[in-house]
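A.B. asks: Going letter by letter, the sequence shown gives residues 507 to 940 in our numbering. Glycine included, C-beta positions come from ideal geometry on N, C-alpha and C. Since the model is a prediction, treat every value here as computed from it, not as a measurement. Quick one: the structure is below, questions incoming.
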Amino acid sequence: MNAPFEAASALAPDATREATPEHEVAVIGLGYIGLPTAAVLASHGWSVCGVDVSPHVVETVNAGGVHIEERDLDGLVRSATKARLLVASTEVPTAHFYMIAVPTPLGPGNTPDISFVEAAARAIAPKILPGACVIVESTSPIGTTERVAELIAEVRPDLAVPRFGDEDAGDIALAYCPERVLPGRIVTELVYNDRVIGGVTPACAARAAALYHSFVKGDCLVTNARIAETVKLVENSFRDVNIAFANELSMIADAMEIDVWEVIRLANRHPRVHILQPGPGVGGHCIAVDPWFIVAGAPETARLIRTAREVNDRKAVYTEEKIRALLAAAPGGKVALLGLAFKPDIDDFRESPALEIASALARDLGERVMVVEPFTDDLPGELAGTGASLATLDAALREAEVVVVLVDHTAFRHLSPGDLAGRIVYDTRGMLTR
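In structure tokens, the structure reads:
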């Protein structure tokens, strides 16, 4: 038994030390958060089993490979699997700690869908031993951790499952600790960012915090599960509201024929003003999704948050309409769309406004659409069969009459006005003004 486990088990019932689980930590879901978390834990000496429903993902990880693009992750996974501290499986093992890191998408009407979290809870329940700790990391609506407790209690009536506000410790611990990392810096930020750890009870929070203290160099801030769930949603909603201001400002500036980039540059010289940069919309699984979880919980009062979401969703439609207007000035001409990812220098297309815009244009314009995306070798499924082509930057600049910057990847930042001479240019990111 290694030192990290001994430290964390100090707060556990004696049954934990008497049991012999297959692994110390089981991470359920090996996506953009689960795999880096599993690899970081293994690099700190934990015996980790990563669980995923995809046999391809499991085979890739067990071969020491990765199925996602993330800085420093490949080396970390390779080292962890070689040291036999990280294995992957489609089956849930017995473990001392379970970390749930599965998707929480939006359902119909922008309502939260926690079915993957519920499925993970049901899969974990039969394997849980007394003294185990279950931690939800998936971004979730308020009350999700308590829902996980209910599901485990239903499957395992033999266990005393703690409920929110209980004084008794129970046979197991349940907590919520949301990720708060930036794609492209996930491995670093998992270690150095502060973490908010909310327990169903204070004892649950302390039990979960012991695990995070073993690898987090930032502060581990303990609270209750409901507050921790709210904190995650508030963080991303705050950013969404501020981006919405910038996006709305950009549309106002267009209507008034004003350079929005110059307005923002000068306004930000005020010591108490910091306007963010507008773009073609907001993407990613966090900022574009999480505010709706708050709206769903308080639909009559979350008016500003709802409006911000609507403004940012509208910006993608507005951008598409502007591109169509530019193409009308170049009948039969081609458009080069630079970037599909939801942010620069990553291969993550989740909720990407750039991909949404490209798909809408490609469905109507087909072969007139050229896509330049250095972080993929193939067009995403949304563009398959539309006639749109994946092109190199050089080819796109040779053939396209209209050039649109949708993502300011580093690979595009060398472009100068001279490189784009003679073309109609629409820079949604202000890349060419920097």
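How big is the Cα-Cα spacing for E873 and L843?
C.D. replies: Rounded to whole angstroms, E873 to L843 spans 13 Å at the Cα level.
A.B. asks: Which one of A655, G785 and Q783 has the shortest CA to CA distance from V642?
C.D. replies: Nearest of A655, G785 and Q783 to V642, Cα basis: A655.
A.B. asks: Where T566 and L591 are concerned, what is the direct C-alpha to C-alpha distance, given to the nearest angstrom?
C.D. replies: Computed Cα separation, rounded: 16 Å.
A.B. asks: Within 10 angstroms of its Cβ, does V623 collect 16 or more other Cβ (buried), or is it exposed?
C.D. replies: Buried, since its Cβ has 16 or more Cβ neighbours within 10 Å.
A.B. asks: My parser needs the beta strand (DSSP E) runs of 3 or more residues fully inside the region 654 to 734; what are they?
C.D. replies: 679 to 682, 701 to 705 and 726 to 730, all fully within the region 654 to 734.
A.B. asks: Excluding the 5 residues preceding and the 5 following D851 in the sequence, name in chain order all residues of the same chain whose CB lies nearer than 7 Å to its CB.
C.D. replies: Answer for D851: G690, H915 and T916, listed in chain order.
A.B. asks: Sorted by chain position, which residues of the same chain lie with C-beta nearer than 7 Å to L657's C-beta, five sequence neighbours on each side aside?
C.D. replies: Here the set comprises E624, A627, R628 and A631.
A.B. asks: Could you say if the region 902 to 912 and the region 925 to 932 meet the contact criterion of at least three C-beta pairs nearer than 8 Å?
C.D. replies: Because the criterion of three Cβ pairs below 8 Å is met, the region 902 to 912 and the region 925 to 932 touch.
A.B. asks: Would you tell me roughly how many angstroms separate the C-alpha atoms of A516 and V546, rounded to the nearest one?
C.D. replies: Residue placement at A516 is poorly supported in this model, since its pLDDT is 41, which falls under 50; the coordinates are not used for a value here.
A.B. asks: So the beta strand (DSSP E) A594 belongs to, where does it begin and stop?
C.D. replies: Per DSSP, A594 belongs to the beta strand (DSSP E) from L592 to S595.
A.B. asks: Where do the N-terminal and C-terminal ends of the alpha helix (DSSP H) with E907 fall, by residue?
C.D. replies: Here E907 belongs to no alpha helix (DSSP H), and DSSP marks it neither H nor E.
A.B. asks: Can you tell me whether S585 is helix, strand or coil according to DSSP?
C.D. replies: Here S585 sits in helix by DSSP.
A.B. asks: Taking only the alpha-carbon atoms, compute the straight-line gap between I829 and R662 and give it to the nearest angstrom.
C.D. replies: When rounded, the distance between both Cα atoms is 56 Å.
A.B. asks: Put L921 into one of helix, strand or coil per three-state DSSP.
C.D. replies: DSSP places L921 in coil when its eight states are reduced to three.
A.B. asks: Run through the DSSP bridge pairs and tell me what S895 is partnered with.
C.D. replies: Paired residues: M876.
A.B. asks: Which residue wins for smallest C-alpha separation from D900, given the options G893, V878, T892 and D883?
C.D. replies: It is V878.
A.B. asks: Between which two residues does the alpha helix (DSSP H) containing L810 stretch?
C.D. replies: Per DSSP, L810 belongs to the alpha helix (DSSP H) from R809 to A834.
A.B. asks: Quick one: complete beta strand (DSSP E) runs, 3+ long, within the region 547 to 578?
C.D. replies: Taking only runs of at least 3 residues, the beta strand (DSSP E) segments lying wholly in the region 547 to 578 are 554 to 557.
A.B. asks: Would you mind stating whether A834 and M876 have Cβ atoms separated by less than 8 Å?
C.D. replies: No, these two residues do not count as a Cβ contact at 8 Å.
A.B. asks: Please state whether DSSP places I930 in a helix, a strand or coil.
C.D. replies: In this structure, I930 counts as strand in the three-state DSSP scheme.
A.B. asks: With DSSP run on the structure shown, which of helix, strand or coil describes M762?
C.D. replies: The answer is coil: DSSP assigns M762 none of H, G, I, E or B.
A.B. asks: Going by other Cβ atoms of all chains shown within 10 Å of its Cβ, with 16 needed for buried, is M605 buried or exposed?
C.D. replies: Classification for M605: buried.
A.B. asks: With A868 as the anchor, note down where its alpha helix (DSSP H) starts and where it stops.
C.D. replies: That run of the alpha helix (DSSP H) goes P859 to L871.
A.B. asks: Look at the alpha carbon of G535 and the alpha carbon of M762, and state the distance between them as a whole number of angstroms.
C.D. replies: Roughly 48 Å separates the two Cα atoms.
A.B. asks: Beta strand (DSSP E) containing F603: first to last residue?
C.D. replies: Segment A601 to I606, the beta strand (DSSP E) holding F603.
A.B. asks: Less than 8 Å between the beta carbons of V801 and A794, yes or no?
C.D. replies: No.
A.B. asks: Does DSSP classify E512 as helix, strand or coil?
C.D. replies: A caution first: E512 carries a pLDDT of 47, below 50, which makes its placement in the model unreliable, though a value can still be read off. Helix at E512.
A.B. asks: I'd like to check one pair, L739 with D796: are the Cβ atoms closer than 8 Å?
C.D. replies: Yes, the Cβ-Cβ distance between D796 and L739 is below 8 Å.
A.B. asks: In the DSSP assignment, find the alpha helix (DSSP H) that holds E888 and state where it starts and stops.
C.D. replies: It is not in any alpha helix (DSSP H) - E888 carries neither H nor E in the DSSP assignment.
A.B. asks: According to DSSP, simplified to helix, strand and coil, what is I539?
C.D. replies: Note: I539 maps to coil in three-state DSSP.
A.B. asks: Indicate whether the contact test is met: 3 or more Cβ pairs, each with one atom in the region 706 to 721 and one in the region 666 to 684, closer than 8 Å.
C.D. replies: Cβ pair count under 8 Å is three or more, so yes.
A.B. asks: Since I648 and E741 are thought to touch, with beta carbons under 8 Å apart, how far apart are those beta carbons, to the nearest angstrom?
C.D. replies: That belief does not hold up - the Cβ atoms of I648 and E741 are roughly 14 Å apart, past 8 Å.
A.B. asks: Would the C-beta of I641 count as close to the ligand GDP, meaning under 7 Å from any of its heavy atoms?
C.D. replies: As for the ligand GDP, it is missing from this structure, which has no ligand bound.
A.B. asks: State the CB to CB distance for the pair I530 and F603, rounded to an integer number of angstroms; the pair is presumed to be in contact (CB under 8 Å).
C.D. replies: For clarity, residue 530 is Glu in the given sequence; the question names Ile instead. Indeed, because the Cβ distance is near 7 Å, the residues count as touching under 8 Å.
A.B. asks: Taking C-alpha atoms, which residue in I770, G887 and T587 lies nearest to G936?
C.D. replies: For G936, the nearest C-alpha among the options comes from I770.
A.B. asks: Can you tell me which of the three DSSP states L782 falls into?
C.D. replies: Here L782 sits in coil by DSSP.
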